[in-house]
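Quick note on the numbering used here: the sequence shown kicks off at -9 and runs consecutively.
Just so it is clear, CB atoms sit at the ideal spot from N, CA and C, and this is done for glycine as well.
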Amino acid sequence: MVAYITKVPVCVACGEWGLGPLCLACRRRLRPGRAGVVSGVAVNYALHHSGTGRVLVHRLKYHGLAGAADVLAAVMAPLVPSGVTAIVPVPRAAVRRVVYGIDPAWELARRIGARTGVPVARALAAPVWWPRHAGGSPQRRSAPRFRLRRPLLGPVALIDDVVTSGATVRGALAALGAVDVTVVTATSPGMMVISKASTASGRLRDSTAAWH
């Protein structure tokens, strides 16, 4: 009986049985993302940070739900530009990795790498801690100081779970230096976005979307 229960698909957002990985109601609460710019660098975010998109990121960041990473990576992978030589996750602060037991960007990056065939490079080292950006004033958000563990050649895709003001992204870009970078993130509330070009993430509303 236990073995049977573990195989029953559930919606990773709301937990409804037999309807996973996303039920129809949760698909309807997805808002597609757009393309934007941070410090002159293109930012593609798959989903707006609201509704089901926000729930999925929360499930990943604070509950370590692997299914949420699978769903988010499925819609992020098509936003990775062709020709990139590496997928680089933005590492979580060491203290938060210990507290929550997961590094969200790493989980997303390795799944995106598996889907795209692009190697994942853990090229950035995170500070031990930096203040939470979510919910704070944009004017008070300082960029964390990442350290470059090894230099990279060629264009890369910088992966993160959520971009709000862009402060964390700016810190990562500073560490990467002059490398050609495109940022791909799971969600964003659009605070940093100046472009209005829609991405293809609206396909997630379609019940025939490829989740596997």
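Item: Does the Cβ-Cβ distance between residue 31 and residue 146 come in under 8 Å?; Value: no
Item: Use the C-beta contact count for residue 49: other C-beta atoms within 10 angstroms, 16 or more gives buried, fewer gives exposed.; Value: buried
Item: In the DSSP output, what is residue 178 paired with across the bridge?; Value: 38
Item: For residue 75, which residues from the same chain have a beta carbon less than 6 Å from its beta carbon, with the 5 sequence-adjacent residues on both sides left out?; Value: 144
Item: Suppose contacts are defined by Cβ-Cβ distances below 8 Å. Is residue 113 in contact with residue 83 by that definition?; Value: no
Item: Nearest-angstrom Cα distance between residue 165 and residue 63?; Value: 24 Å
Item: Go ahead and pull the three-state DSSP assignment for residue 111.; Value: coil
Item: Under DSSP, the alpha helix (DSSP H) around residue 146 begins and ends at which residues?; Value: First-last for residue 146: 146 to 152, but that is the beta strand (DSSP E), not the alpha helix (DSSP H).
Item: I'd like to know whether the C-beta atoms of residue 43 and residue 20 end up nearer to each other than 8 Å.; Value: yes
Item: According to the neighbour-count rule (16 or more other Cβ atoms, all chains shown, within 10 Å of its Cβ), is residue 132 buried or exposed?; Value: exposed
Item: In angstroms, rounded to a whole number, what distance separates the CA positions of residue 95 and residue 149?; Value: 6 Å
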